[in-house]
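Here the sequence shown stands for residues 1 to 245, numbered as in the numbering used here.
Beta carbons are placed, not taken as given, at the ideal position from N, Cα and C, and that holds for glycine.
The block underneath contains the structure these notes are about, expressed in structure tokens.
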Amino acid sequence: MRHVVLPSSALRRLLAGTALVLTGVACAPIPYAVAAAQAPAQALTDQAVHHYEAGQQTQALEEFRRAAEQGNRLAQFDYAMMLLNGEGVNADPDGAVHWLERAASAGMTQAQYVYAKMFDDGYVVGKSIPQANLWYEKAAKQGHVQAQAAIANEYFIGRGVPKDYKTAFSWYEKAARGGDLPSQYIVASYYERGYGVVTPDLERARLWYGKAAAQGDVAAQGKLDAMNRERAQRTAPDSSQAPVK
């Protein structure tokens, strides 16, 4: 497979929020015996993280490589990102894709999401919406919030999958519960209007607009203010019915 070196601007867009993972990340569970066998690799990964945070990239790269070869998923992902970014080594897109796919196939959600994004955007690997959706959904099913929002968008517009507003809403709601701001606004809109998917529920709509507004969404704050005004008008006493003294 032929790969291309990313322009720096494209790389920054792709890897926004997807740099090295230096702490815990969601992964598919592995059997206890396997986990025990990988304990040395985990210790090596922890050591690599320490060296990376200390700015010792060459040492970290070598330790991530060794741990990756021993099957540690975090090391596989971080080694892939260092190869892709050219940290401690000349950039190696082919090697990066190899180790990213290994981590994704082993069930690491962040690797699955980044791999999906690569296929979605056509960076490093050939553009493939079906492959992107496959990996988005794998990560989404394990609770990766960005992947949940991404696959929701695909079902909403029918991109690579049949258009399905109900399935889209289900994924948007999961992402919203995970704190994704755009999804919170979209879920609020669903509950406000229904769109033939959910029963309109203004209280739930107000709740989700409020959550989005609390994260700084100006449009959500505007919707919340308008709904609060409408509610105040509905519940205000009718002055025309006041008793005459």
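Given residue i as reference, the closest of the options once Cα atoms are compared
| i | options | result |
| --- | --- | --- |
| I151 | D180, Y185, T45, Y136 | Y136 |
| T45 | G55, A226, N72, E87 | N72 |
| Y185 | W99, F169, W208, P200 | W208 |
| A116 | D94, G95, Q146, P93 | Q146 |
| A168 | G178, N153, R177 | N153 |
| G88 | G178, Q59, A212 | Q59 |
| A158 | D121, N133, N228 | The question names Ala, but residue 158 is Gly in the sequence shown. Ranking D121, N133, N228 by Cα distance to G158 puts N133 first. |
| G178 | F156, P200, G143 | G143 |
| G86 | Q70, S105, E69, L61 | L61 |
| F156 | E203, M227, V197, N228 | V197 |
| A213 | D201, G122, A176 | A176 |
Chain-order list of residues whose beta-carbon lies under 6 angstroms from that of residue i (same chain, five-residue window excluded)
| i | result |
| --- | --- |
| K174 | Q148 |
| Q131 | F119 |
| A80 | A96, W99, L100 |
| K223 | Y209 |
| R234 | none |
Chain D contact for residue i (CB, 8 angstroms cutoff)
| i | result |
| --- | --- |
| A41 | The chain inventory of the structure shown lacks chain D, comprising one protein chain alone. |
Spatial neighbours of residue i in its chain, beta-carbon cut-off 7 angstroms, leaving aside the 5 residues before and after
| i | result |
| --- | --- |
| R102 | Q76 |
| A140 | A147, Q148, I151, W171 |
| K211 | Q184 |
| R231 | none |
Rounded distance between the beta-carbons of residue j and residue i, thought under 8 angstroms
| i | j | result |
| --- | --- | --- |
| A188 | A205 | 5 angstroms |
| A41 | A67 | 5 angstroms |
| L181 | D217 | 6 angstroms |
| V124 | P93 | 5 angstroms |
| K138 | Q112 | 5 angstroms |
Contact set for residue i: own chain, Cβ-Cβ below 8 angstroms, skip 5 residues either direction
| i | result |
| --- | --- |
| Q47 | E63 |
Reduced DSSP secondary structure (H/G/I, E/B, other) of residue i
| i | result |
| --- | --- |
| V124 | coil |
Sufficient close CB pairs (3 or more, under 8 angstroms) joining the stretch 187-199 to the stretch 152-164: no
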